[in-house]
Amino acid sequence: MFRQIKVQEHQQEFLRILWRSSPEEDIVSYRLKTVTYGTKPAPYLATRCLLQLAHEGKNKYPLATPVIENSTYMDDILSGANDITTAKEMQRQLISLMKEGCFHLYKWSANSEELLKDVPTENKEFLFNENDELVKTLGLSWRPREDTFMYQMNLQEVPVAITKRTALSFISKLYDPLGLLQPIIIKAKMMIQKIWLLKIDWD
1 MFRQIKVQEH QQEFLRILWR SSPEEDIVSY RLKTVTYGTK PAPYLATRCL
51 LQLAHEGKNK YPLATPVIEN STYMDDILSG ANDITTAKEM QRQLISLMKE
101 GCFHLYKWSA NSEELLKDVP TENKEFLFNE NDELVKTLGL SWRPREDTFM
151 YQMNLQEVPV AITKRTALSF ISKLYDPLGL LQPIIIKAKM MIQKIWLLKI
201 DWD
């Protein structure tokens, strides 16, 4: 995604790489013309470009625009619709709008084979075959066939003697970006709060 975004020419001077293949060769200076991984503004520039693309296409692509504005995290888009007709139209609009910005969508997954039937195989992440079970996105495990999310915790990692340090460490491993586990996580956090009030040592 970053390499599709051109940096303004006067800013390209700040994106230089000095290179030589061996100590005997002269140093060659390369100027990078596109947004580069690892630079501090890269995530902002990528997100800002997507939002600008959505703004410019809001009249032409009314279903795709809110998806880009509200259901995009970096280069992942997680969205859906209540029926297959709307989902297909949303998919068509997303593909068209993103192409206008020279972005091409890959790693398509869906809980409906019909939605994926027009997507080339090389652009699919989930193929609806017997080998496909899980799709991992944003730290979540999703089973498209059943349309369920899975959370995995290794309970064997829990030590026999639980200390304040191990309890806090274990609770912090519960990754829940959608907030579906909050009824469980809140109880664990309340337990940590009680441990804190008891002024128990870390170990």
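Residue numbering for the sequence shown follows the numbering used here, starting at 1 and increasing by one per position. C-beta: ideal position from N, C-alpha, C; glycine also.
Next item on the list: Name the two residues that bound the continuous beta strand (DSSP E) containing ILE17.
Entry: Translated into the one-based positions of the sequence shown, residue 17 becomes position 17. Per DSSP, ILE17 belongs to the beta strand (DSSP E) from 16-19.
Next item on the list: Put THR39 into one of helix, strand or coil per three-state DSSP.
Entry: In the sequence shown, residue 39 corresponds to position 39, counting from 1. THR39 carries a coil assignment under DSSP once its states are collapsed to helix, strand and coil.
Checklist line | Beta carbon of MET191 nearer than 8 Å to that of ALA161 | finding: Reading the sequence shown from its first residue, position 191 is the one you call residue 191. Reading the sequence shown from its first residue, position 161 is the one you call residue 161. No; because the gap between Cβ atoms is not below 8 Å, this pair is not in contact.
Checklist line | Straight-line Cα distance separating ILE171 from LEU181 | finding: As a working note, residue 181 is residue 181 in the sequence shown. As a working note, residue 171 is residue 171 in the sequence shown. About 12 Å.
Check: With respect to the beta strand (DSSP E) encompassing SER29, which residues constitute its N-terminal and C-terminal limits?
Finding: The residue given as residue 29 occupies position 29 in the sequence shown. Looking at the DSSP string, the run of the beta strand (DSSP E) that includes SER29 is 28-31.
Next item on the list: Kindly identify the DSSP beta-bridge partner or partners of TYR73.
Entry: Position 73 of the sequence shown holds residue 73. Note: TYR73 sits in a beta bridge opposite ASP76.
Notebook entry, point to check: Closest by CA to LEU45, which one among ILE27, LEU78, VAL7, ASP203?
Noted result: For the purposes of this step, residue 45 is taken as the residue at position 45 of the sequence shown. With distances taken between Cα atoms, LEU45 lies closest to VAL7.
Next item on the list: Give the range of the beta strand (DSSP E) segment to which PHE149 is assigned.
Entry: Numbered from its first residue, the sequence shown carries residue 149 at position 149. Residue range 148-150 is occupied by the beta strand (DSSP E) that includes PHE149.
Next item on the list: List the endpoints of the continuous beta strand (DSSP E) containing SER141.
Entry: Position 141 of the sequence shown holds residue 141. In this chain, the beta strand (DSSP E) harbouring SER141 covers 140-143.
Next item on the list: Can you give me the Cβ contacts of LEU53 inside the same chain, cut-off strictly under 6 Å, excluding the 5 residues immediately before and after it?
Entry: Looking up residue 53 in the sequence shown gives position 53. If the five residues before and after LEU53 are omitted, its C-beta is found closer than 6 Å to the C-beta atoms of GLY101, all from its own chain and listed in chain order.
Margin query: Please state the DSSP three-state secondary structure of GLN163.
Written below: Counting from 1 along the sequence shown, the entry for residue 163 is found at position 163. Checking the displayed sequence, the identity of residue 163 turns out to be Thr instead of Gln. THR163 falls in the coil class under three-state DSSP.
Next item on the list: Report yes or no: do the region 104-120 and the region 139-154 share at least 3 C-beta pairs separated by less than 8 Å?
Entry: For the pair of segments examined, the region 104-120 was found to touch the region 139-154: the number of CB pairs separated by less than 8 Å reaches three.
Next item on the list: Write down the C-beta distance between ASP76 and LEU138 rounded to the nearest angstrom, noting that I regard them as a contact closer than 8 Å.
Entry: One-based indexing of the sequence shown puts residue 76 at position 76. One-based indexing of the sequence shown puts residue 138 at position 138. With 8 Å as the limit, ASP76 and LEU138 qualify as a contact, their Cβ atoms being about 6 Å apart.
Check: If you run the structure through DSSP and keep just helix, strand and coil, what is VAL135?
Finding: Counting from 1 along the sequence shown, the entry for residue 135 is found at position 135. Residue state, collapsed to three classes: strand.
Check: Going straight from the alpha carbon of VAL135 to that of LYS107, what length do you get?
Finding: By one-based count along the sequence shown, residue 135 stands at place 135. By one-based count along the sequence shown, residue 107 stands at place 107. So the two alpha carbons sit approximately 10 Å from each other.
Next item on the list: Answer with yes or no whether the minimum CB distance from THR72 to chain D is below 8 Å.
Entry: Chain labels in this structure do not include chain D; a single protein chain is all it has.
Next item on the list: Report the partner residues of LYS124 according to the DSSP bridge assignment.
Entry: Here residue 124 refers to the residue found at position 124 when the sequence shown is read from its first residue. Looking at the DSSP output, LYS124 shares a beta bridge with TRP108.
Item checked: Rounded straight-line distance, which links the Cα of LEU178 to that of TRP196 -> If you number the sequence shown from 1, residue 196 lands on position 196. If you number the sequence shown from 1, residue 178 lands on position 178. Roughly 27 Å separates the two Cα atoms.
Notebook entry, point to check: Does DSSP put LYS117 in a helix, in a strand, or in coil?
Noted result: The residue given as residue 117 occupies position 117 in the sequence shown. In this structure, DSSP gives LYS117 a state outside helix and strand, which the three-state scheme calls coil.
Note to self: Classify GLY57: buried if its beta carbon has 16 or more other beta carbons within 10 angstroms, exposed otherwise.
What the structure shows: Here residue 57 refers to the residue found at position 57 of the sequence shown. Taking a 10 Å sphere around the C-beta of GLY57, we find 16 or more other C-beta atoms and assign the residue as buried.
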